[in-house]
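*Asks:* In our numbering, the protein residues as written are 1 to 648. The structure that follows is given in the form of structure tokens.
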């Protein structure tokens, strides 16, 4: 189905076309842009509420600034659909987040208007500041640099580090704080309360407006009224809000709060801010999901709802005729509550992803034992370490790709002190349509090189439950990592009794023909290996299959048995090949004098773009067909080598 843009939007193929409109036409354009996003996402899917909330801001930014020469950086990028549509990608928008289609996030290789590639939060201020400093160095004094960041992303340490630097760098930087009290879930923490105080203080807003009204009439007296205004407003903020302004304390000029949905007012303000040098912050108050009532009401659900009926708001769900397996994240959430009910030492921690990780189940059942710390992965890890020093057992649940941000803390604050923190890494492996910024490619490799830590991956829901239980036992009172993928498992009847798993032990899935090929898998991808062995057996090729469960420590007894029993090995992992599980197997074989061919299947040493998980498994050669083909090829090589030996 083709989504037809409105008449104004249909004529815009670049910001130059946008600038031809009269200011009063921007309201209609904003309406058309919002409707185009609603229509497109309802049919093709994607992130939803975030882009609706910044429609007017997006229009105003491209209307006022000379993009791409003026550099616009979107934090995270969930909200950049309007930006993409206005910058020449309207007709490509149906391919958004699809295999070989347009990225769901700003991406430098996709458009010159995407000044910085994003996907993780809180990078915009630092990146825009780097661009601003570079422009100063090159003498580009007329170049503007704008970072658009949500109040949720402002909670991360990176944002404050960049603000702290920008305040003294004195470069031409405009930070636009998109304040809607939301990231994916509602924002938490002191910063949220602080921003709420500013936006809800009627006295402050009324006095501020009256002050600027009066001083505006005195402009004929020169710049002095502006200087007076700055001093009076600073004093007013401190007095009426009973605290100093955080951003001005960091040497930013603070403006706002302003209505982020008044496009004409935004144009006026942005034109004024262009003429003010140095670091500035514009505080815009917006509504996530603006213009679609259901998305405004339930902002978490409508962050990325999938396909839906635009008129009724019905989100399309498949209704299977048989019981379906649950999502791994839900197995985690329910199992954590089950464990916590039996063990009062267990706590839950997540950095701003309670619904995405299903920690919200524990937060509802045990609100005093489950913590959303905001978008702050480093803090989540060290906070968990602090809990562990007091004899508690924190389950620190972080998406695999976000765990990269807390890596130093895993090493320095957890592993070196051998603290009992259980890391549950959701979205491990390919994350699907979110693409390379969200793929969890590297955790097996970056975790297994750290001393003291156990690195594991369950093949199914039962194994996930058992590993979670095992990680709580006193004999395993050290760092413990459990990784699992996005999406569904394989067991509709998943509530199995909890059982201890011996650390560093795998399990035999299928005994193959002696002298043949063995498949060693780790994690959920082992289910594809099961399908591969079934296909091969029908062809008369009986391959063995072993679910290793642990990348560290490896099951050395099982590996010795495999190396003696079989003539070749295929390793399979939904993780990067350099340094990953297959590398660990090769290291073991080399260290112990085993010489047999090994084919490693996994994520290659390149950036893999977005697509469904199955599309990406196929592209990288480790779907069921790819695994079967690797076994065939290795089996043929072994057979050929045997014939050559006999002939000699």
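Here a beta-carbon is modelled for each residue, glycine too, at the ideal position from N, C-alpha and C.
For residue 556, which residues of its own chain have a beta-carbon under 7 Å away from its beta-carbon, when the five flanking residues on both sides are left out?
*Replies:* For residue 556, where only same-chain residues beyond five positions count, the Cβ hits under 7 Å are 588.
*Asks:* Can you grab the Cα-Cα spacing for the pair residue 570 / residue 600, in whole Å?
*Replies:* Going by the C-alpha atoms only, they are around 6 Å apart.
*Asks:* Counting C-beta neighbours from all protein chains within 10 Å, is the total for residue 463 16 or more, i.e. buried, or is it exposed?
*Replies:* Looking at its Cβ environment, which holds 16 or more other Cβ atoms inside 10 Å, residue 463 is buried.
*Asks:* Using alpha carbons as the reference points, say which of 545, 525 and 524 lies closest to residue 534.
*Replies:* Nearest of 545, 525 and 524 to residue 534, Cα basis: 545.
*Asks:* Between residue 149 and residue 178, which are expected to be in contact by the criterion C-beta below 8 Å, what is the C-beta distance as a whole number of angstroms?
*Replies:* Going by Cβ atoms, the distance from residue 149 to residue 178 rounds to 7 Å, so yes, they are a contact pair.
*Asks:* By the three-class DSSP mapping on this structure, what secondary structure does residue 604 have?
*Replies:* Residue state, collapsed to three classes: coil.
*Asks:* Exposed or buried, what is residue 212 when buried is set at 16 or more other beta-carbons lying within 10 Å of its beta-carbon?
*Replies:* With a pLDDT of 49 at residue 212, under the threshold of 50, the predicted position of this residue should be treated as unreliable, though the coordinate-derived value follows. Residue 212 should be labelled exposed.
*Asks:* Does DSSP put residue 56 in a helix, a strand or coil?
*Replies:* Of the three classes helix, strand and coil, the one that applies to residue 56 here is helix, per DSSP.
*Asks:* Cβ of residue 173 within 7 Å of Cβ of residue 129?
*Replies:* Contact flag set, yes.
*Asks:* Could you pull out every unbroken alpha helix (DSSP H) segment of at least 4 residues lying fully inside the region 389-462, listed in chain order?
*Replies:* The qualifying runs are 400-403 and 443-448.
*Asks:* Applying the 10 Å Cβ sphere with the 16-neighbour rule, what's the burial state of residue 442?
*Replies:* Residue 442 comes out buried.
*Asks:* Just the Cα atoms here: how many angstroms apart are residue 629 and residue 619?
*Replies:* Residue 629 and residue 619: Cα-Cα distance of roughly 13 Å.
*Asks:* According to DSSP, is residue 484 part of a helix, a strand, or is it coil?
*Replies:* DSSP places residue 484 in coil when its eight states are reduced to three.
*Asks:* Residues in its own chain within less than 8 Å of residue 324 by CB, not counting five upstream and five downstream?
*Replies:* Cβ within range, chain order: 488 and 492.
*Asks:* I need the straight-line Cα distance from residue 269 to residue 155, nearest angstrom please.
*Replies:* Rounded to the nearest angstrom, the two C-alpha atoms are 26 Å apart.
*Asks:* Spatial neighbours of residue 83 within its chain, please: C-beta separation below 6 Å, excluding the five flanking residues on both sides.
*Replies:* Here the set comprises 58.
*Asks:* Ignore the nearest five residues each way along the sequence and tell me which others in residue 167's own chain have a CB closer than 7 Å to its CB.
*Replies:* If we look at residue 167 and ignore the five residues flanking it on each side, its Cβ neighbours are 250, 251, 252 and 279.
*Asks:* Just confirm the distance between the C-beta atoms of residue 363 and residue 336, as a whole number of angstroms; I'd bet it's less than 8 Å.
*Replies:* Contact doesn't hold; Cβ gap of about 10 Å is too wide.
*Asks:* Output yes or no for whether 7 Å exceeds the beta carbon distance between residue 358 and residue 332.
*Replies:* Yes, these two residues count as a Cβ contact at 7 Å.
*Asks:* Distance check for residue 126 and residue 136, CA to CA, integer angstroms please.
*Replies:* One C-alpha to the other measures close to 15 Å.
*Asks:* Would you tell me roughly how many angstroms separate the C-alpha atoms of residue 2 and residue 490, rounded to the nearest one?
*Replies:* Going from the Cα of residue 2 to the Cα of residue 490 covers about 36 Å.
*Asks:* Measure how close the beta-carbons of residue 394 and residue 377 come, nearest whole angstrom, since I'm counting them as under 8 Å.
*Replies:* The pair is not a contact, with the Cβ atoms about 14 Å apart (cut-off 8 Å).
*Asks:* Taking only the alpha-carbon atoms, compute the straight-line gap between residue 115 and residue 433 and give it to the nearest angstrom.
*Replies:* Near 21 Å, if we compare the C-alpha coordinates of residue 433 and residue 115.
*Asks:* Do you know whose CA, among 310, 319, 308 and 289, lies nearest residue 300's CA?
*Replies:* The residue with the shortest Cα to Cα distance from residue 300 is 289.
*Asks:* Report the option in 610, 549, 564 and 607 whose CA atom is closest to the CA atom of residue 582.
*Replies:* For residue 582, the nearest C-alpha among the options comes from 549.
*Asks:* Opposite residue 519 in the DSSP bridges: which residues?
*Replies:* DSSP lists 545 and 570 as partners of residue 519.
*Asks:* Sorted by chain position, which residues of the same chain lie with C-beta nearer than 6 Å to residue 445's C-beta, five sequence neighbours on each side aside?
*Replies:* For residue 445, where only same-chain residues beyond five positions count, the Cβ hits under 6 Å are 576, 579 and 580.
*Asks:* At a cut of 8 Å, does the region 411-423 reach the region 602-617 through at least three beta carbon pairs?
*Replies:* The answer is no - the region 602-617 does not touch the region 411-423, with fewer than three Cβ pairs under 8 Å.
*Asks:* What residue does the alpha helix (DSSP H) around residue 164 start on, and which one ends it?
*Replies:* It spans 157-169 - the alpha helix (DSSP H) in which residue 164 sits, taken as one unbroken run.
*Asks:* Using C-beta distances below 7 Å, list every residue in its chain close to residue 89, excluding the 5 sequence neighbours before and after it, in chain order.
*Replies:* Closer than 7 Å at Cβ, skipping near neighbours: 102 and 111.
*Asks:* Going by Cα to Cα distance, which pick from 256, 161 and 271 is closest to residue 66?
*Replies:* The candidate whose alpha carbon is nearest that of residue 66 is 271.
*Asks:* Which same chain residues end up closer than 6 Å to residue 468 when comparing Cβ atoms and leaving out the 5 residues on each side of it in sequence?
*Replies:* Excluding positions up to five away in sequence, the list reads 335.
*Asks:* What is the DSSP secondary structure of residue 74, reduced to helix, strand or coil?
*Replies:* Looking at residue 74 - three-state DSSP - the assignment turns out to be strand.
*Asks:* Where does the unbroken beta strand (DSSP E) through residue 148 begin, and where does it stop?
*Replies:* It spans 145-150 - the beta strand (DSSP E) in which residue 148 sits, taken as one unbroken run.
*Asks:* Among the residues of its own chain, which have a CB less than 6 Å from the CB of residue 504, if the five just before and after it don't count?
*Replies:* Same-chain partners within the cutoff: 550, 553 and 555.
*Asks:* Do the CB positions of residue 411 and residue 380 come within less than 7 Å of each other?
*Replies:* Not closer than 7 Å, so no.
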